[in-house]
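A.B. asks: Pasting in a structure now, in structure tokens, and then I'll have a few things to ask.
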Ligand code: C2E
Ligand code: CA
Ligand code: CA
Ligand code: CA
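In the UniProt record's numbering, the protein residues as written are 449 to 727.
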């Protein structure tokens, strides 16, 4: 309609309208996705580097969009957060993750933990401890087999309320992991201030751990320091045998990444649990 204008203003407006429209469409689709059962959880194995077996899985959200195909969280999670849809969605995620982990246990696989990502918006809007309580009760999953992965961005501003949520979770026996560890300015101080059970060394360090001496030093120090504080260490994004060897040599407790297994549908992960030990 604006093709005769050469000053660019109309083009800019059209581009903006497209973006607004796209975002509104996404929001509309997102509102219907839960009731249409379009969400699912993928599970990525976590390996104990000492026992050399699967000790848990991280639940990763996927959205089977009717037109756009399988979407990963970076494509829609911010819209869910801004619209508040993250609250019912988060409730579904925690419920589904606990139900699945309870099934692993019923199937006789022993203590396999499930880790669930919780976004800052979810915690700030409150209600997480009650949601977790309900999911544990409904599924019968023991609290210590549920780990919530929180990011540092959560701890920057709202530290008092976050602290009380964490204490409530701890009192229930639920584990708390600090995700993307090392990417923020104050990772170390958070470790001192918050009751954290686990840190997850961010992929960006893991990817360069055998090629960049500085990153190797950081990873070694984080592992040593976490252990002195009684905190468990998981390395995420492990892609090569060299990375895994380095991490094992420096006593990283748990390894996660494409080398050991990609995120997979629930059936495939259950099948994986049935298999003999991974090399
Ligand atoms: P994250 O928590 O840091 O999750 C790790 C991401 O790295 C996942 O991407 C995973 O598929 C990917 N990954 C795993 N192993 C490797 C590897 O060896 N190499 C590389 N390059 N990548 C690997 P995904 O599933 O797309 O999730 C992206 C982010 O979305 C997550 O980052 C997390 O912040 C968020 N997210 C995922 N599931 C949920 C959820 O259920 N709730 C919320 N609130 N956020 C979620
Ligand atoms: Ca995570
Ligand atoms: Ca992470
Ligand atoms: Ca991340």
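Using N, Cα and C, we set each Cβ at its ideal position, and we do this for glycine too.
Model, not experiment: these values are computed from the prediction.
Check whether the Cβ atoms of residue 593 and residue 549 lie closer than 7 Å to each other.
C.D. replies: As a first step, residue 593 must be located in the chain shown, where it is residue number 145. As a first step, residue 549 must be located in the chain shown, where it is residue number 101. Yes, they are a contact pair.
A.B. asks: Tell me whether the beta-carbon of residue 685 lies closer than 7 Å to the beta-carbon of residue 709.
C.D. replies: Counted from its first residue, the chain shown places residue 685 at position 237. Counted from its first residue, the chain shown places residue 709 at position 261. Not a contact, by the Cβ cut-off of 7 Å.
A.B. asks: So what does DSSP say about residue 612, is it helix, strand or coil?
C.D. replies: Here residue 612 refers to the residue found at position 164 of the chain shown. In this structure, residue 612 counts as helix in the three-state DSSP scheme.
A.B. asks: Do residue 650 and residue 624 have their C-beta atoms closer together than 7 Å?
C.D. replies: Residue mapping note: residue 650 aligns to position 202 of the chain shown, counting from 1. Residue mapping note: residue 624 aligns to position 176 of the chain shown, counting from 1. It is not a contact, given that the beta carbons lie outside the stated cut-off.
A.B. asks: Report whether the distance from the Cβ of residue 508 to the nearest heavy atom of ligand 1 is below 6 Å.
C.D. replies: Start at 1 with the first residue of the chain shown, and residue 508 comes out as number 60. Yes, since a heavy atom of ligand 1 falls inside the 6 Å radius drawn around the Cβ of residue 508.
A.B. asks: What is the chain-ordered set of residues for which the beta carbon lies under 5 Å from any non-hydrogen atom of ligand 2?
C.D. replies: Selection output, chain order preserved: 565, 597 and 627.
A.B. asks: What are the complete alpha helix (DSSP H) segments, minimum 4 residues, inside the segment 609-656?
C.D. replies: For the segment 609-656, whole alpha helix (DSSP H) runs of length 4 or above, ordered along the chain, are 635-641 and 651-655.
A.B. asks: Along the chain, where does the alpha helix (DSSP H) that runs through residue 717 open and close?
C.D. replies: Counting from 1 along the chain shown, the entry for residue 717 is found at position 269. Where residue 717 is concerned, the enclosing alpha helix (DSSP H) stretches over 714-722.
A.B. asks: Contact between the segment 510-520 and the segment 463-473 is defined here as three or more beta-carbon pairs at a separation below 8 Å; is this criterion met?
C.D. replies: No, the segment 510-520 does not touch the segment 463-473.
A.B. asks: Compare the Cα-Cα distances from residue 523 to each of 511, 533 and 494 and report the closest residue.
C.D. replies: For this step, residue 523 is matched to residue 75 along the chain shown. Comparing Cα-Cα distances from residue 523 to each of 511, 533 and 494, the minimum goes to 511.
A.B. asks: Any beta carbon from chain B within less than 7 Å of residue 471's own beta carbon?
C.D. replies: No chain B is present in this structure, which holds just one protein chain.
A.B. asks: Could you tell me whether any non-hydrogen atom of ligand 1 is closer than 6 Å to the CB of residue 706?
C.D. replies: As a position in the chain shown, residue 706 is number 258, starting the count at 1. Under cutoff, so the answer is yes.
A.B. asks: Let me make sure I understand the geometry here. Which of 720, 635 and 573 has the alpha-carbon closest to that of residue 528?
C.D. replies: Taking the first residue of the chain shown as 1, we reach residue 528 at position 80. Comparing Cα positions, the closest option is 573.
A.B. asks: If you drop the 5 nearest sequence neighbours on each side, which residues of the same chain put their C-beta closer than 7 Å to that of residue 481?
C.D. replies: If you number the chain shown from 1, residue 481 lands on position 33. Result list for residue 481: 487 and 511, in chain order.
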